[in-house]
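Numbering (my numbering), first residue to last: 21 to 533.
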């Protein structure tokens, strides 16, 4: 949580309130897990002078006094508000003597009085954004991609929205709401658009879009009215953009970006939803020898399309927070726009899959040595691929070459083991276990190294389709059997739902005659 002083144009991190602890304190120092500090939503109520904080993983709200001391914001918790069944309060809004809470994992809208007494609640799947006008309460559903309007007494009034990439009442990921002077402002993180509606949820206008310039955004998770301006949290550009109400930039708190004039909002391709355009970097047969299709950069997926079929490879372990596999796969976060880049490093050919949203994770396939690995080490500048051009504030080849070289030692071990007669599955486990352990410990995803058995189980979790599980479970060092398993896998997995890592691992461990 941060505090920004407009007079000095300075930003400061807010200290954790006394008596509360970070996740690392609880994990490593055995502090009280019921006092976890995990703020995800804030609202300052001028009438009471309190700052209300949605404390996500502690399942409660914190009501705080705020004091400024030497350019530091000091929080003093006055009250905790919780209720049985409230799981993960994502956002909070206070007005007209009531507190409205969007409970994401609890799939609920909770409404309390200022003393913390529950007034009413409604089921809202994946509730996220919330706001209160003089007469109504508004809440977004990330599951349904809707905005619902209720009276202050809890009576349903109206609803707008559907899941789509374009349209005045269509949303992909409506994460925040705010209210001011008869207007409701909505931020859609995945399309990059900031929408303005009136109190009756009638469309007025929209601002922005997704893209690599000052005039576009990269995952704008929140937009709020303040001092007759709109403040947009442009997450993966690491900045706050201040707009006037016509959408013109007044100020950028953070770094400016090259002003590239592009109209690059998410577009449909032949009526396929959530697509971003064709890629010419690789052929469809690179992923599956039986696929003959156009390769399209999709939403959290790569899409393969021709006039006869539509085939999708997912790039994370869930689609919009709806887990599609039996076991969640570590470090594979949701991506909204996918790009593919083919490049040469040290006379070897590589194919890298990434996203401008997730600037720390890359799927890297060494096509020369037939080795696949993930790098999720450190965040870098967003990399964009737009209309057959690459955009980045730093040198793209340098960024990706550095990630590739992190696996050089493991690659050499793997190649040596193969030359000594190891089968590819066992060679990979022995060569890359230390690589992943170091990677995930350094980024605080692991407390202690995985054993070989744990690492083997972790790799097996990538095989999520039925044919993928069969490939992994029946794998042997018999080349004829491997060839048969590989051929059967590619024939049987031409359906929506295949995972990119599974595809690359089969490509690596398998064998095609």
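Each residue gets a CB set at the ideal place from its N, CA and C atoms; glycine is no exception. All values reported here derive from a predicted model rather than from experimental measurement.
Query - Alpha-carbon spacing of residue 70 relative to residue 264, whole angstroms - result: Near 27 angstroms, if we compare the C-alpha coordinates of residue 264 and residue 70.
Report task. Within 10 angstroms of the Cβ of residue 79, are there 16 or more other Cβ atoms? Answer buried if so, exposed if not. Result -> Result: buried.
Query raised in the report: Taking the alpha-carbon positions, what's the residue 411 to residue 356 distance?
Result: 17 angstroms
Report task. Give the range of the alpha helix (DSSP H) segment to which residue 425 is assigned. Result -> 416-425
Query - Where residue 271 falls: helix, strand or coil (DSSP) - result: It is a strand residue.
Query - Cβ separation of residue 58 and residue 77, assumed to be a contact under 8 angstroms, to the nearest whole Å - result: 4 angstroms
**Report entry** Opposing strand residues paired with residue 140 [DSSP bridges]
**Finding:** 131
Query raised in the report: Taking all protein chains shown into account, do 16 or more other C-beta atoms lie within 10 angstroms of the C-beta of residue 414, making it buried, or fewer, making it exposed?
Result: exposed
Report task. Please work out which residues of its chain come closer than 6 angstroms, Cβ to Cβ, to residue 119, disregarding the five sequence neighbours upstream and downstream, and give them in chain order. Result -> 132
Report task. Check the C-beta distance from residue 166 over to residue 180 and give it rounded, since I have them as a contact under 8 angstroms. Result -> 7 angstroms
Query - Buried/exposed call for residue 26, threshold 16 Cβ in 10 Å - result: exposed
Query raised in the report: Does the beta-carbon distance from residue 87 to residue 109 come in below 8 angstroms?
Result: no
Query raised in the report: Going by C-alpha distance, which of 242, 73 and 507 is nearest residue 207?
Result: 242
**Report entry** Same chain only: Cβ atoms within 7 angstroms of residue 310, ignoring 5 sequence neighbours per side
**Finding:** 510, 511 and 514
Query raised in the report: Where does the unbroken beta strand (DSSP E) through residue 63 begin, and where does it stop?
Result: 59-65
Report task. Within 10 angstroms of the Cβ of residue 39, are there 16 or more other Cβ atoms? Answer buried if so, exposed if not. Result -> exposed
Report task. Could you check how far apart the C-beta atoms of residue 6 and residue 227 are, in whole angstroms? I think they sit under 8 angstroms. Result -> There is no way to answer for residue 6, as the model of the chain reaches only from 21 to 533.
Query raised in the report: Do you know how far the Cα of residue 73 is from the Cα of residue 8?
Result: Outside the displayed span of the chain (21 to 533) sits residue 8, for which this structure offers no information.
Query raised in the report: To the nearest angstrom, how far is it from the Cα of residue 532 to the Cα of residue 507?
Result: 7 angstroms
Query - C-alpha distance - residue 129 paired with residue 198, whole-angstrom precision - result: 16 angstroms
Report task. Look at the Cβ atom of residue 456, then the Cβ atom of residue 475, and state whether they are nearer than 8 angstroms. Result -> With a cutoff of 8 angstroms on beta-carbon distance, residue 456 and residue 475 are scored as near each other.
Report task. Please name the residue in 224, 176 and 163 whose C-alpha comes closest to that of residue 141. Result -> 176
Requested in this report: Can you say whether residue 213 is buried or exposed, counting buried as having 16 or more other CB atoms within 10 angstroms of its CB?
Outcome: buried
Query raised in the report: Does the distance from the C-beta atom of residue 538 to that of residue 395 stay below 8 angstroms?
Result: Examination of residue 538 is not possible in this model, given that the chain is present from 21 through 533 alone.
**Report entry** CB of residue 161 within 8 angstroms of CB of residue 184, strictly
**Finding:** no
Query raised in the report: Which term fits residue 332, buried or exposed, when burial requires 16 or more other beta carbons within 10 angstroms of its beta carbon?
Result: buried
Query raised in the report: Taking the C-alpha atoms as reference points, what is the distance between residue 497 and residue 527?
Result: 15 angstroms
Report task. Whole angstroms is fine: what's the gap from residue 189's alpha carbon to residue 244's? Result -> Going by the C-alpha atoms only, they are around 19 angstroms apart.
Query raised in the report: The alpha helix (DSSP H) with residue 459 in it runs from where to where?
Result: 444-462
Query raised in the report: Is residue 452 near residue 421, with beta carbons less than 8 angstroms apart?
Result: no
Report task. Measure from the alpha carbon of residue 139 to the alpha carbon of each residue in 127, 145, 157 and 149, then state which is nearest. Result -> 157
Query - Segments assigned beta strand (DSSP E), at least 3 residues, entirely inside the region 218-275 - result: 223-228, 240-246, 249-254, 259-263 and 269-273
Requested in this report: Apply the 10 Å Cβ neighbour rule to residue 259 and answer buried if 16 or more other Cβ atoms are within range, or exposed otherwise.
Outcome: buried
Requested in this report: With a threshold of 16 other CB atoms inside 10 Å of the CB of residue 114, please say whether the residue is buried or exposed.
Outcome: By the Cβ neighbour-count rule, residue 114 is buried, with 16 or more other Cβ atoms within 10 Å of its own.
Query raised in the report: Span of the beta strand (DSSP E) holding residue 55?
Result: No beta strand (DSSP E) holds residue 55; DSSP gives it neither H nor E.
Query - Per-residue DSSP class, three states only, for residue 345 - result: A caution first: residue 345 carries a pLDDT of 40, below 50, which makes its placement in the model unreliable, though a value can still be read off. In the structure shown, residue 345 sits in coil (DSSP, three-state: anything other than H, G, I, E or B).
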